[in-house]
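First to last, the protein sequences are chains P and S.
Every position in the first sequence, counted from 1, becomes a number in my numbering once 19 is added.
Every position in the second sequence, counted from 1, becomes a number in my numbering once 3 is added.
What follows is a short report on a single structure.
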Amino acid sequence: MRIALSGNPNSGKTTMYNALTGSSEKVGNWAGVTVDKNERPVKRAFYTGDERLIAVDLPGAYSMSPFTGEESITRDYVRGESPDVIVNIVDSTNLGRSLFFTTQLLELGIPTVVALNKSDLNRKQRTSLDPNRLSELLGCPVLSTVSTSQEGFLELVSVAMSLKGKEQRAPFVAKEIDPSDPDAVRAEDRRRFAFVNSIVREVEQKSHRASEFSLSDRIDLLLTGRGVGILFFSLVMFLVFQISQVWVGGPIADLLVGFLEQGQEAVRGVLSTAHPLLVALLVDGVIGGVIAVLGFLPLVMVMYFLIALLEDCGYLSRVAVVLDPIFKKVGLSGKSVIPFVISVGCAVPGIMASRTIKDERERRAAAMLAPFMPCGAKIPVIALFAGAFFDGAGWVSTVTYLSGILLIFLGALLVNRVTGNYKKRSYFIIEMPAYKFPSIWGATKSMFSRGKSYVVKAATVILLCNTVVQIMQSFTLAFAVAETADASILAAVAKPFSYLFYPLVGVLSWQLAAATLTGFIAKENVVGTLAVCFVGLENLIDTEELVLLEGSGAEAAGIFAITKVAALAYLMFNLYSPPCFAALGAMNAEVKSAKWFWGGVGLQLGVGYTVSYLVYTIGTLIISPETLNVPAALLGLAAVFAMAAVVLTVIRRGDLAREMQAK
Amino acid sequence: MENAIILVTVALILGAIIGYLIRSHRRGKRCIGCPYAKECTACSTDGCVEAPKTEEKEK
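As structure tokens, then:
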């Protein structure tokens, strides 16, 4: 037996689904967290009997006429796959809006039970509802529930199971209208709203007026103000990075690295009489590469924890409102902010979150620009270079995130210009959920779930990559033991790519090229590969302060053999060039167009290369012009001009095509 | 002897990883270690599927 959980966005469907099934699907306090269908068996603790009960969690929808991609999933499922019972989760704090969708669901004839969720909030607001009267008016069972505490779940499941095979009458039946006639649709919607409002008047009693100012309204008045709002958001993001990378994450990472390195040295000691090549393979390749990545796990986990708190407290929707006027100027809207903020944790859900954006061009632009925000996997890369090359590591991190935001703006302007939509104003409507104290338990679960994935990745994909890199570095193309790493297979494979990096770092370094290449599999690989190629590098970083260990500066510089400016340029290339394959896959799925996908990859490659080239060339000209490698700089300039010529050609062709269409 | 132990250890580790990756691939998971591998439409358990199409309708 299949029960579909459906209702308006942010009504608590996924929280209920997680509780019923024991899943840990992503939850958050804003509209549009769930963008795809999930289904799992309901835990036996909630029901008895032989029949297997499957719960289907559907994305939130405001009506059966979908506005966005995820709403159409819900419509298609309840209409096309006819679940046995629908559990309609209704936000009881917003009954008027929620019942619009309820009346549409009831018209399908599928037995339905209404769960008046968030009833605890209603009690706090001294709003009383009459479930029995509502049940009579709707013609279906109505129960009060609280998703966060599982209140009323047993009864809800029992009632849902008892409804299987029963008929469902519709309290409101829509007239036959032409759906392509907007006036007729609007008139029908108004009729339905009038019916819903008549029900609400009968079953709801509020002790306060909607026009009264609540505490949430007072906080909003302050935090959504233009100036204060942006300042507050900047402060919040600064604290997220400072806490995760310096105050809390750093010291824990230091302890973890120390512990892991003790183990690594113990293994080296045990194998002291073994062949040096095999010791290097196991200790430096397999273990060393994984330590280099796992060492940054605390930084990433603390970041995930803080992002989960932000997602849960209801602040993200406010950020969208605060930044809307700024994003409007570049053809995006405040709704694009949510994918960008989520991308700070991981680009994949960030890209997926763009599905809630209604406008197709804006949605595609958000999906291809979201990877410019440095994600959690890039933190180890930032921390490594900040620690190895720059004493003031804090500003490096801040600069990379600010540059990411700037590139999003510039990228959005470019997308506008290419698509010819620069004259169109973007707009959006977003629901403002009530503020709530974020769940520490929920954030902890989210942190461990994502941390587990990070460890799994380190122990599988990254470990395998490091081992392959170590083997490739130890043998020649003739599969003889390489006398020097320069004669190895890895050097032979990566050397052609090192010419591309020549204008960006001023030297031909196949190691840097190899690290970037493996980074496309997973960005953490950049650190892992560098640790394998430059043995001993990871031992020079004090992760607590994110600076070099005292006295090891010259050693680190000697290992990398590049200048500070070149290091910053190389870091920028890795941050702003195309993301890992997983994120590219998500981007491909969301933009739903080969032209947009390859355009996006080209944009990311071009932006990464150009930014990196400009940082290196201008930086070197300012700091030490005599060290600038002129042939390399000219080569890079030619590449940048070639990319600019491609962009201009695309813009020109687009303009011509639009002119032809207009004629 | 130590050399043999190292070779066997590395071979076991790599074998286990490759086995895990193949099993995951057969189950339809494409992005191993990605915390969103289940949810992402690009790598759902049903294999590579397209994101749903949007219908621009008047609400």
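Ideal Cβ positions, reconstructed from N, Cα and C, are used throughout, including at glycine.
Because the structure is a prediction, the values reported are computed rather than measured.
- Thr-417 of chain P is positioned such that its CB atom lies no closer than 8 Å to that of Glu-89 of chain P.
- Residue range 131-136 is occupied by the beta strand (DSSP E) that includes Ala-134 of chain P.
- One Cα belongs to Ala-613 of chain P, the other to Ala-339 of chain P, and the distance between them is close to 29 Å.
- Taking C-beta separations shorter than 8 Å and ignoring five residues to either side along the sequence, the partners of Ile-238 of chain P in its chain run Tyr-454, following chain order.
- When secondary structure is reduced to three states using DSSP, Pro-522 of chain P falls in the helix class.
- Exposed is the label assigned to Leu-254 of chain P, since fewer than 16 other Cβ atoms lie within 10 Å of its Cβ.
- As the crow flies, the alpha-carbon of Met-451 of chain P is around 7 Å from that of Arg-337 of chain P.
- Taking the Cα positions, Ile-262 of chain P is about 14 Å away from Trp-414 of chain P.
- The beta carbons of Ala-588 of chain P and Tyr-635 of chain P sit closer together than 8 Å.
- Residues of the segment 298-315 of chain P with a C-beta atom less than 8 Å from some C-beta of chain S are Val-298, Leu-300, Leu-301, Val-305, listed in chain order.
- At a beta-carbon threshold of 8 Å, the residues of chain P lying near Leu-17 of chain S are Leu-483, Thr-486, ordered along the chain.
- Residue pairing from DSSP places Lys-225 of chain P in a beta bridge opposite P:Thr-146.
- Following the DSSP letters along the chain, one finds Ser-263 of chain P in no beta strand (DSSP E), marked with neither H nor E.
- Put simply, the backbone Cα of Phe-553 of chain P is about 27 Å away from that of Glu-645 of chain P.
- Nearest CB-CB separation between Thr-292 of chain P and chain S: below the 8 Å threshold.
- Under the Cβ distance rule, Val-13 of chain S counts among the residues neighbouring chain P, one pair being separated by less than 8 Å.
- Contact note: Thr-121 of chain P does not reach chain S at a C-beta cutoff of 7 Å; the least C-beta distance is about 16 Å.
- Excluding five sequence positions before and after Lys-542 of chain P, the CB atoms of its chain that fall closer than 6 Å to its own CB belong to Ala-396, Lys-397, Cys-599, given in chain order.
- Nearest Cα to Gly-353 of chain P within the set P:Val-286, P:Glu-381, P:Val-61: P:Glu-381.
- Separation of Pro-522 of chain P and Ile-424 of chain P (C-alpha to C-alpha, rounded to the nearest whole angstrom) is 25 Å.
- Between Ala-431 of chain P and Leu-351 of chain P, the alpha-carbon positions lie close to 7 Å from each other.
- Where Asp-331 of chain P is concerned, the enclosing alpha helix (DSSP H) starts and stops at 316-332.
- In the displayed model, Leu-24 of chain P falls within a strand according to three-state DSSP.
- Take the alpha-carbon of Asn-57 of chain P and the one of Val-75 of chain P: they are about 6 Å apart.
- In the three-state DSSP reduction, Pro-358 of chain P falls in the helix class (H, G or I).
- Taking C-beta atoms as the reference points, Gly-461 of chain P and Ala-327 of chain P count as a pair closer than 8 Å.
- Annotation: Ala-664 of chain P to Tyr-595 of chain P spans about 20 Å, alpha carbon to alpha carbon.
- Between the alpha carbons of Val-289 of chain P and Val-298 of chain P lies a distance of about 10 Å.
- The CB of Ile-20 of chain S comes closer than 7 Å to the CB of Thr-479, Leu-482, Leu-483 in chain P, given here in chain order.
- Between the C-alpha atoms of Ile-25 of chain S and Leu-325 of chain P there is a straight-line separation of about 34 Å.
- Between Leu-275 of chain P and Thr-486 of chain P, the alpha-carbon positions lie close to 22 Å from each other.
- With a contact defined as Cβ atoms closer than 8 Å, Ala-179 of chain P and Ile-22 of chain P qualify at about 5 Å.
- Between Gly-470 of chain P and Met-320 of chain P, the CB-CB gap stays under 8 Å.
- Contacts with chain P at 8 Å (Cβ-Cβ) include Ile-9 of chain S.
- Our two residues, Ala-193 of chain P and Ser-355 of chain P, have alpha carbons roughly 35 Å apart in a direct line.
- Only residues of its own chain outside the window of five on either side were considered, and among them Ala-366, Pro-598, Ala-602 have a CB closer than 6 Å to the CB of Pro-390 of chain P, listed in chain order.
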